[in-house]
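Numbering (our numbering) for the sequence shown: 5 to 180.
Don't be surprised by glycine CBs; every beta carbon is placed ideally from N, CA and C.
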Amino acid sequence: MTKRILVVTSRYTKEIEDRIDRDYIARRNPNQFPCSQQELLSAAAGADAMFITPADRLDSGFFQKVSPTVKIIATYSVGFEHIDLEAAARRRIPVAYTPGVNNEATADIAMLLLLGASRRAYEAQELVRTGVWKPLSPNMLLGWQVGGKVLGIFGMGRGGQAVARRARGFGMKVHY
Numbered sequence: 005m006t007k008r009i010l011v012v013t014s015r016y017t018k019e020i021e022d023r024i025d026r027d028y029i030a031r032r033n034p035n036q037f038p039c040s041q042q043e044l045l046s047a048a049a050g051a052d053a054m055f056i057t058p059a060d061r062l063d064s065g066f067f068q069k070v071s072p073t074v075k076i077i078a079t080y081s082v083g084f085e086h087i088d089l090e091a092a093a094r095r096r097i098p099v100a101y102t103p104g105v106n107n108e109a110t111a112d113i114a115m116l117l118l119l120g121a122s123r124r125a126y127e128a129q130e131l132v133r134t135g136v137w138k139p140l141s142p143n144m145l146l147g148w149q150v151g152g153k154v155l156g157i158f159g160m161g162r163g164g165q166a167v168a169r170r171a172r173g174f175g176m177k178v179h180y
């Protein structure tokens with residue numbers, strides 16, 4: 005059986021890269037920056053599928069010109085705002101996406117930022133980085149504890165729920 009041709013516009017983990025190489029003839033973006041629309045169209049000529057990211061914008065003009073060999077487009081993203089879904093539907097090209105792929109990582113980063121802000125981490129690292137740090141007093145840059153505080157979360161989708169779980173783990177009360 006002949007391998008299908010897959011346009012790949014980004015780099016992924018070794019496991020994913022190995023699977024792509026095993027199962028497909030990959031046409032990869034050789035650059036570290038997004039492809040232009042013309043580069044995407046050229047790569048798609050004769051390809052069976054495309055594996056893109058939110059940096060790749062597929063508008064109605066793209067779908068008017070894309071090769072008829074392209075049977076599916078998958079995006080490594082939670083959303084698909086970067087793809088004209090109506091234009092894809094007119095061409096009968098299904099669009100797959102990865103809902104939930106980054107919920108946990110996003111929640112981790114949200115908590116990292118919250119904890120960093122509460123403990124004045126940026127101010128402290130700047131003092132250390134510039135060589136100004138001198139422990140002047142026991143109260144210097146103490147910040148505040150998050151335990152017992154109330155965290156308001158606007159939107160309790162998968163991401164909001166992941167943040168709420170972490171916040172509760174730090175003893176925070178959650179309102180949404």
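Span separating the alpha-carbon of residue i from that of residue j
| i | j | result |
| --- | --- | --- |
| Gly-152 | Leu-118 | 14 Å |
| Trp-137 | Gly-83 | 44 Å |
| Val-70 | Phe-158 | 39 Å |
| Gly-156 | Val-178 | 6 Å |
| Leu-45 | Thr-17 | 25 Å |
| Ile-76 | Ile-97 | 5 Å |
| Leu-131 | Asn-143 | 15 Å |
| Arg-123 | Ser-141 | 16 Å |
| Glu-21 | Ala-78 | 15 Å |
| Gly-104 | Pro-139 | 43 Å |
| Gly-65 | Arg-94 | 12 Å |
| Ile-190 | Gly-173 | With the chain covering 5 to 180 only, the question about residue 190 has no answer from this structure. |
| Met-54 | Gly-161 | 28 Å |
| Ala-166 | Phe-37 | 31 Å |
Distance between beta carbons of residue j and residue i, contact taken as under 8 Å
| i | j | result |
| --- | --- | --- |
| Arg-8 | Asp-52 | 4 Å |
| Thr-57 | Tyr-80 | 5 Å |
Identity of the residue in the options nearest residue i by Cα
| i | options | result |
| --- | --- | --- |
| Gln-68 | Thr-79, Val-11, Glu-85, Leu-89 | Leu-89 |
| Val-150 | Thr-79, Met-115, Met-160 | Met-115 |
| Gly-147 | Tyr-126, Arg-172, Gln-42 | Tyr-126 |
| Leu-10 | Ala-166, Asp-27, Thr-134 | Asp-27 |
| Arg-31 | Glu-19, Ser-40, Gly-50, Phe-37 | Gly-50 |
| Gln-42 | Asp-63, Arg-23, Val-105, Asn-107 | Asp-63 |
| Asn-33 | Val-99, Ile-20, Arg-15 | Arg-15 |
| Gly-164 | Tyr-101, Ala-48, Ala-128, Asn-106 | Asn-106 |
| Thr-73 | His-86, Ala-47, Ala-91 | Ala-47 |
Beta-bridge pairing of residue i - partner residues as DSSP gives them
| i | result |
| --- | --- |
| Met-54 | Val-11, Ile-77 |
| His-179 | Gly-156 |
| Ile-87 | Leu-62 |
| Ile-29 | Ile-9 |
| Ala-100 | Ala-78 |
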